[in-house]
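Everything on this sheet refers to the single structure shown next.
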Amino acid sequence: MYKKNFLNIFIFFNFIFFIYISNSYSKEIYIDLKKWDSWLVEFKAEAISSGISSNTINSIIPKIQVIKRVIELDRNQPEFKLSFEDYLNRVVSNKRVNKGKKLFEENKIILNKVSEKLGVQPRFIVALWGIETDFGRLTGGFKVIDALATLAFEGRRAKYFRKELLNALKIIDEGHISYEKMNGSWAGAMGQPQFMPSSFLNFALDFDNDGKTDIWTNKKDIFASASNYLNKSGWDDSKTWGREVVLPKNFDLSLINNKKEKLLSEWQLLGIRKKNGNDLPNINLKGRLIKPDKNNFKVFLVYDNFDTLLKWNRSNYFALSVGILSDKIAAK
């Protein structure tokens, strides 16, 4: 009996402690509602002056709510960094490679049509699709308008997110999607390619000509929009992205990560070889060496298309993973 009562008391106080900690944690984020209401009034005036229709403004502005979870995520972004090997194992898993191969085959007709028109090899589009949202499975569950408004009101880059909020309203105003269906990440990245609203307005395409550009559910528009982004950013479909290479002994390490390009023939003379030890391709192409992780032995020889991938996401980890996944998807 004593043990049972002691256990009940222990559970009770642990529960009270949990509630206390939870409430204390939630109180860390305080929203000044008067300030929020004033901000909305000010933003509404700016939206009107930017050309957003009164119908769109009057139907959406009253619905916008601050999302405390967005503020929490913005304030508490992880400071640690994964090693490249750990990152690669996460985003280019065998499961994702196999899924990518399957979807590549299933969507080959659409992908080829998009490729013919926009000049991007299908394997790269499927790889981007896979790494951004696991082929459309993980697109984010936040209302984009609310998330952007929260960050424009409270975030570290308020000016940037204010512009993106106006862009998002313009997308709705043009009839591409509704406020309720415009979902995305906590930072406002939308749909299966995870476009920010500005990227949507600059690159998204209505490939099937149905009058709406749908990067949430329409594969034709999704693939075409991703392709158009790369195409307009300088993609060359006659070339690949790069490759992993091996260095000779006593190689001059100052030639790595210094952005200095050399012809493949020059790298060949310096002893650089493919990962399997074979010679580099005998073609007129320049590349540079990068080592993504100081504590990892992997070195890559990358070309101009790699730099185009960096315009999508300015992370060597990301761009390398897209390239590696694209190679694995295309491999027989």
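For the sequence shown, my numbering begins at 2 and goes up steadily by one.
Just so it is clear, CB atoms sit at the ideal spot from N, CA and C, and this is done for glycine as well.
This one's a predicted model, so the numbers in the text were calculated from it and none came from an experiment.
Does the distance from the CB of residue i to the CB of residue j come in under 7 angstroms?
i    : j    : result
L310 : L286 : no
I216 : P194 : yes
D237 : Q122 : no
D75  : G137 : no
L202 : N229 : no
L290 : L281 : no
N232 : L119 : yes
I58  : A48  : yes
G141 : G185 : yes
L129 : A205 : no
I72  : I30  : yes
L248 : V300 : yes
F252 : W187 : no
G192 : E165 : no
Secondary structure at residue i, three-state DSSP: helix, strand or coil?
i    : result
L206 : coil
V98  : helix
K69  : helix
F105 : helix
V93  : coil
K295 : coil
R138 : coil
K36  : helix
G324 : helix
I22  : Any reading at I22 must be qualified, since the residue scores a pLDDT of 37, below 50, and its modelled position is unreliable; the value itself is stated next. Helix, per DSSP.
I257 : strand
K213 : coil
N306 : helix
K114 : helix
N15  : Residue placement at N15 cannot be trusted, given a pLDDT of 47 that sits under 50; what the coordinates show is reported in the next sentence. Correct three-state label for N15: helix.
F252 : coil
K275 : strand
A331 : helix
Quick test of your reading: residue i and residue j, contact by CB under 8 angstroms. State the CB separation rounded to the nearest angstrom.
i    : j    : result
Y88  : S322 : 7 angstroms
K292 : I325 : About 15 angstroms separates the two Cβ atoms, so there is no contact after all.
S234 : K312 : 4 angstroms
Y304 : F85  : In fact, because the Cβ distance is near 19 angstroms, the residues do not count as touching under 8 angstroms.
S54  : D174 : 5 angstroms
W37  : F162 : About 15 angstroms; that fails the 8 angstroms criterion.
K275 : R244 : 6 angstroms
G278 : E262 : Contact doesn't hold; Cβ gap of about 23 angstroms is too wide.
So, for residue i: in the same chain, excluding its five sequence neighbours on each side, which residues have a beta-carbon less than 6 angstroms away from its beta-carbon?
i    : result
W242 : N306, F307 and G324
I273 : V246
I32  : V67
E98  : Before going further, note that residue 98 is Val rather than Glu in the sequence given. Once the five neighbours on either side are set aside, the close Cβ partners of V98 are K329.
D294 : S84 and F85
L116 : It is worth fixing the name first, because residue 116 is Ser in this sequence and not Leu. P123.
M183 : V145
L101 : In the sequence on display, residue 101 carries Gly and not Leu. Closer than 6 angstroms at the Cβ level, and outside the excluded window around G101, lie V127, G131 and I330.
A320 : F307, L310 and L311
Of all Cβ atoms in chain B, is any one closer than 7 angstroms to the Cβ of residue i?
i    : result
E245 : You won't find chain B in this structure, because it holds only one protein chain.
Can you tell me where the alpha helix (DSSP H) with residue i in it begins and where it stops?
i    : result
F301 : First-last for F301: V300 to V303, but that is the beta strand (DSSP E), not the alpha helix (DSSP H).
V127 : P123 to T134
G288 : Counting along the chain, G288 falls outside any alpha helix (DSSP H), though it belongs to the beta strand (DSSP E) covering K287 to I291.
E165 : A159 to D174
D222 : K220 to K233
T57  : S55 to I61
Span of the beta strand (DSSP E) holding residue i?
i    : result
I30  : Neither: I30 is in no beta strand (DSSP E) and is coded neither H nor E.
R315 : Neither: R315 is in no beta strand (DSSP E) and is coded neither H nor E.
E155 : Here E155 belongs to no beta strand (DSSP E); instead the alpha helix (DSSP H) covers V145 to E155.
E262 : No beta strand (DSSP E) holds E262; DSSP gives it neither H nor E.
E245 : G243 to V247
Note down, in chain order, each residue of its chain lying with its Cβ closer than 7 angstroms to the Cβ of residue i, except the 5 sequence neighbours on either side.
i    : result
D207 : K213, T214 and D222
D96  : According to the sequence provided, residue 96 is Lys. The question's Asp does not apply to it. Within the same chain, K96 has no close Cβ partners at all.
Under 8 angstroms Cβ to Cβ from residue i, same chain only, skipping five residues before and after it: list those, please.
i    : result
Y26  : Low local confidence applies: a pLDDT of 43 at Y26 is under 50, so the model's placement there is unreliable, and no value is given.
I65  : L41, I146, D147 and A150
L112 : F105, P123, I126, V127 and F224
E181 : K144
For residue i, is the beta carbon positioned less than 6 angstroms from some heavy atom of the ligand FAD?
i    : result
V145 : As far as ligands go, the structure on display features none, and thus does not contain the ligand FAD.
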